[in-house]
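Structure record follows, encoded as structure tokens.
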Amino acid sequence: MRYVTSCAIGGLLILLAGTVSATGGGKALLYGGAGQGKVIFDGRLHASKGLVCADCHSALFNTWKKDLITMDDHFSDKGCFACHNGTKVFNECEQCHRKM
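Per our numbering, the sequence shown starts with residue 1198, numbered consecutively.
In structure tokens, the structure reads:
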């Protein structure tokens, strides 16, 4: 019984470690940008503004699958654009899309 409990706890810790380290406040991710220039998501910058992962995940983004951001999303309050709407924070294309 003790072995089963230890294995269950160990497995749970491994699963949790994977979700916590997926991006984190200290990492940057690079996305394709659909021909408009690569998009860099900088977790450090967002963390420095007082945001934590749960502020966007899973309220704005599904963390279990890769959500694709469409052009229609740019003109809505979905995903990044819940904040990046020009009122709360910038919404200039070149701030996120970078030609590389």
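Idealized CB from N, CA, C, for every residue including glycine. What you are looking at is a predicted structure, and each value in this text was computed from that prediction instead of being measured.
Inset, instruction - Below 7 Å CB to CB, which residues in the same chain sit around Val1236 once its five sequence neighbours on both sides are set aside? - result: Tyr1228, Gly1230, Cys1293 and His1294
Legend entry - Whole-angstrom distance between His1271 and Gly1232, CA atom to CA atom: Looking at the two C-alpha atoms, the distance is approximately 15 Å.
Legend entry - Contacts around His1302, its chain only, beta-carbon distance under 6 Å, and the 5 residues preceding and following it disregarded: Because the chain here runs from 1198 to 1297, residue 1302 falls outside it and cannot be looked at.
Inset, instruction - Using the Cα positions of Thr1284 and Asp1239, report the straight-line distance between them to the nearest angstrom. - result: Linking Thr1284 to Asp1239 through their CA atoms gives a straight-line distance of about 20 Å.
Inset, instruction - Please name the residue in Ala1225, Ser1273, Ser1245 and Cys1277 whose C-alpha comes closest to that of Leu1257. - result: Cys1277
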